[in-house]
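Residue numbers (my numbering): 637 to 1125.
Where is the CB? At the ideal position from N, CA and C, for every residue including glycine.
Heads up: the structure comes next, in structure tokens.
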């Protein structure tokens, strides 16, 4: 099958595509925030800290001026794979008439596929943080807590060297996003609790199960709007994040027309058949390939709790959930294991009884050693492939262990825009291309995607939908206001 081209930025200053604007505007702003963060936390404290700050400044300069990219030069566990991707990208560029045979050791930022260029930035940030020696002033705390204004300055009035997690320099932004979500977290916690209570009565249970599944799925979908990398230059992030959060049923009703392809009914039909298809002693397994921390992660856990607690199966079979996370800070707001545990602990310490109860259940029963009759377990899984730049159809070859793990799932739930891009190869498919075709042979298990559109790739739309939406909203492919629920059985 002939494949369409991958998304690639342009060096043309007149180009206003989302990929080009990401490379020219969004990513430099993200680096500027890191530089400011390092300075505020005392980065000039020693020579090594100065060197790290200088590396970030140099990286921003190279990106801004479209300088040559170089292979990853460190010896971290994934370095050889990054160098292999880089070599393959250069070879493909040369074959396409780009880089010359004599310049196969470097390529400009705008000359390689967007999946590589964008991922390369975050991998370079990680490399700079972990390879630089002597970062005594930037040593991370085991469990960082918010620092009050009075504790952030010394006796001389100068800012203190506040702890920074070098595995995730975006951690403080994610903590801020969580803090901005408290009212929405309370509302959604209350809704979940009352919904599960309603299911205790057999009257209208089948109808309620269908209705509640659609609601919880859509809350998880629209949680994906809160992507920090999409709004790097926002001056008041807390107010912005509050605007992006959906926690009321009335909001779901208003947003539903913006779901351009909605396979929720097909997903629900698939789940309902699992009881008949599985052996009596088998548990049901759902896998979430997570995207953003903060409120989106909370909406994902709300969906997971509903799937785990609701009486979905007449046999009463147990439901286990696996959450796939990044192993270091990635695309600003992506979930790490540390983010996951931190948020659950915060919820368990809440003064709001309904939030506190959920947090305790997730910490002590779902993730902990406490047991309760019929209660399923949750598992947090890391794998380096989630922070490599390739698309997912390569996964059986490049990460066969991860592919084998995914094959054990009864439903894979891929969250967010980057996962969607990697699923369909970040290729410029005709919008009416069937989703199953765009997956390009990737099918470890039945899978669905919950995605708000933030990049110019899409598949699986009915004829005429793309044209009508573009007439209504010129930036529909990248502003996060439109969504997809896609399914491949």
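Can you give me the C-alpha to C-alpha distance between residue i and residue j, rounded to a whole angstrom?
i: residue 1084; j: residue 988; result: 33 Å
i: residue 792; j: residue 676; result: Low local confidence applies: a pLDDT of 46 at residue 792 is under 50, so the model's placement there is unreliable, and no value is given.
i: residue 926; j: residue 1011; result: 22 Å
i: residue 1116; j: residue 861; result: 6 Å
i: residue 672; j: residue 1057; result: 30 Å
i: residue 859; j: residue 917; result: 34 Å
i: residue 892; j: residue 758; result: 34 Å
i: residue 762; j: residue 964; result: 8 Å
i: residue 975; j: residue 997; result: 18 Å
i: residue 721; j: residue 992; result: 45 Å
i: residue 946; j: residue 686; result: 54 Å
i: residue 742; j: residue 719; result: 11 Å
i: residue 1113; j: residue 1120; result: 11 Å
i: residue 817; j: residue 803; result: 24 Å
i: residue 708; j: residue 731; result: 22 Å
i: residue 724; j: residue 717; result: 11 Å
i: residue 973; j: residue 889; result: 33 Å
i: residue 1039; j: residue 683; result: 44 Å
i: residue 776; j: residue 808; result: Since pLDDT at residue 776 reaches only 47, below the 50 mark, its modelled position is unreliable, and no value is offered.
i: residue 1036; j: residue 840; result: 44 Å
i: residue 650; j: residue 1033; result: 39 Å
i: residue 660; j: residue 819; result: 35 Å
What residue range is occupied by the uninterrupted beta strand (DSSP E) comprising residue i?
i: residue 898; result: 895-898
i: residue 923; result: 920-925
i: residue 1051; result: 1047-1051
i: residue 1014; result: 1014-1018
i: residue 1128; result: Because the chain here runs from 637 to 1125, residue 1128 falls outside it and cannot be looked at.
i: residue 1087; result: 1083-1088
Are the CB atoms of residue j and residue i within a distance shorter than 7 Å?
i: residue 1075; j: residue 1124; result: yes
i: residue 828; j: residue 938; result: yes
i: residue 746; j: residue 801; result: no
i: residue 656; j: residue 646; result: yes
i: residue 832; j: residue 900; result: no
i: residue 1042; j: residue 1098; result: no
i: residue 700; j: residue 896; result: no
i: residue 1095; j: residue 1065; result: yes
i: residue 968; j: residue 814; result: no
i: residue 1106; j: residue 1067; result: no
i: residue 953; j: residue 985; result: no
i: residue 966; j: residue 1023; result: yes
Return the Cβ separation of residue i and residue j in integer angstroms, given the expectation that the two are a contact with Cβ distance under 8 Å.
i: residue 957; j: residue 943; result: 7 Å
i: residue 1062; j: residue 751; result: 5 Å
i: residue 1047; j: residue 907; result: 7 Å
i: residue 995; j: residue 983; result: 3 Å
i: residue 949; j: residue 1049; result: Contact doesn't hold; Cβ gap of about 18 Å is too wide.
i: residue 936; j: residue 1051; result: 6 Å
i: residue 934; j: residue 959; result: Rounded, the Cβ-Cβ distance is 13 Å, inconsistent with contact.
i: residue 688; j: residue 674; result: 7 Å
How far does the alpha helix (DSSP H) with residue i in it extend, from its first residue to its last?
i: residue 1119; result: Taken as a continuous stretch (DSSP letters only), residue 1119 belongs to no alpha helix (DSSP H), being part of the beta strand (DSSP E) at 1119-1124.
i: residue 972; result: No alpha helix (DSSP H) holds residue 972; DSSP gives it neither H nor E.
i: residue 846; result: 841-859
i: residue 673; result: 663-676
i: residue 638; result: Residue 638 -> no alpha helix (DSSP H), and no H or E assigned at all.
i: residue 992; result: 989-996
i: residue 703; result: Taken as a continuous stretch (DSSP letters only), residue 703 belongs to no alpha helix (DSSP H), as it is neither H nor E.
i: residue 722; result: 715-731
i: residue 1039; result: 1036-1042
i: residue 820; result: 818-834
With a cut-off of 8 Å, do at least 3 Cβ pairs link the stretch 929-936 to the stretch 1089-1101?
Contact fails: fewer than three Cβ-Cβ distances are below 8 Å.
Cβ pair count under 8 Å reaching 3, the stretch 822-836 against the stretch 882-899
The stretch 822-836 and the stretch 882-899 touch, with no fewer than 3 CB-CB distances between them shorter than 8 Å.
Evaluate contact between the stretch 691-707 and the stretch 662-670, counting only Cβ atoms and requiring at least three cross-stretch pairs below 8 Å.
They touch, by the three-pair rule.
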